[in-house]
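Numbers in my numbering are just positions in the sequence shown, counted from 1, shifted up by 286. Where is the CB? At the ideal position from N, CA and C, for every residue including glycine.
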Amino acid sequence: MKPILYSGQIFEDNRGKLIAFNDFDLTRVSRLYIIQPHQGLIRAWQGHRLETKWFFVTKGCFEIKIVPASGENEFQKERMQTFVISHSDFQVLEIPGGHLNGFRALEPESSLQVFSEFNLEQGKADDFRVDIQTLIWDQAI
287 MKPILYSGQI FEDNRGKLIA FNDFDLTRVS RLYIIQPHQG LIRAWQGHRL ETKWFFVTKG
347 CFEIKIVPAS GENEFQKERM QTFVISHSDF QVLEIPGGHL NGFRALEPES SLQVFSEFNL
407 EQGKADDFRV DIQTLIWDQA I
């Protein structure tokens with residue numbers, strides 16, 4: 287599977303604005319959490335063999351990189367995808383299992399909401415990591 291970018295639909299009238307994600311099916315979501323990293327700090331590389339994650343920027347802006355991988359030593363750097371998503375883009379990025387991801391906040395006080403398909407125990411059992419010295423962030427473009 288490939289990453290999917292869902293765009294919110296914006297409806298506006300004299301009462302204000304409504305942003306709807308009608309194409310984003312939440313039935314697979316088991317839990318959610320929010321990450322608020324320091325600006326410029328790179329959090330990479332974490333992946334899941336099976337679990338899907340969905341990223342939604344609630345404040346600020348993030349650079350997010352995704353690379354197909356089936357394990358710690360089995361990743362495809364040449365198939366790296368980079369996304370820059372701002373809270374004002376109203377987008378949800380779906381990262382299917384079998385991918386590593388990494389991200390960094392491009393603005394101060396940025397906030398990333400993460401939806402997880404698996405509960406915490408299942409997610410930990412499915413988790414794998416690649417050291418940033420093995421898959422260097424700036425070379426992963």
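{"Item": "The beta strand (DSSP E) spanning Lys303 covers which residue range?", "Value": "Gly302 to Ala306"}
{"Item": "Quick check on Ile427: does DSSP put it in helix, strand or coil?", "Value": "Confidence at Ile427 is low in this model, with a pLDDT of 43, below 50, so the placement of that residue is unreliable and no value is reported for it."}
{"Item": "Please go through the same chain and pick out, in chain order, the residues whose beta-carbon is closer than 6 Å to the beta-carbon of Ser401, but skip the five residues on each side of it.", "Value": "Looking at the sequence provided, one finds Phe at residue 401 rather than Ser. Val315, Leu318 and Trp340."}
{"Item": "Quick check on Glu358: does DSSP put it in helix, strand or coil?", "Value": "coil"}
{"Item": "Keeping to the same chain, check which residues put their C-beta closer than 7 Å to that of Phe307; ignore five residues upstream and five downstream.", "Value": "Tyr292, Gly294 and Val378"}
{"Item": "Spell out the partners DSSP gives Val370 in its beta bridges.", "Value": "Glu349"}
{"Item": "Where does Lys339 sit, in a helix, a strand or coil, going by DSSP?", "Value": "strand"}
{"Item": "On a Cα-Cα basis, can you pick out the residue from Asp417, Pro394, Pro289 and Phe348 that is closest to Asn359?", "Value": "Asp417"}
{"Item": "Starting from Gly294, follow the alpha helix (DSSP H) in both directions and report where the run begins and ends.", "Value": "That residue, Gly294, is in no alpha helix (DSSP H); it is neither H nor E in DSSP."}
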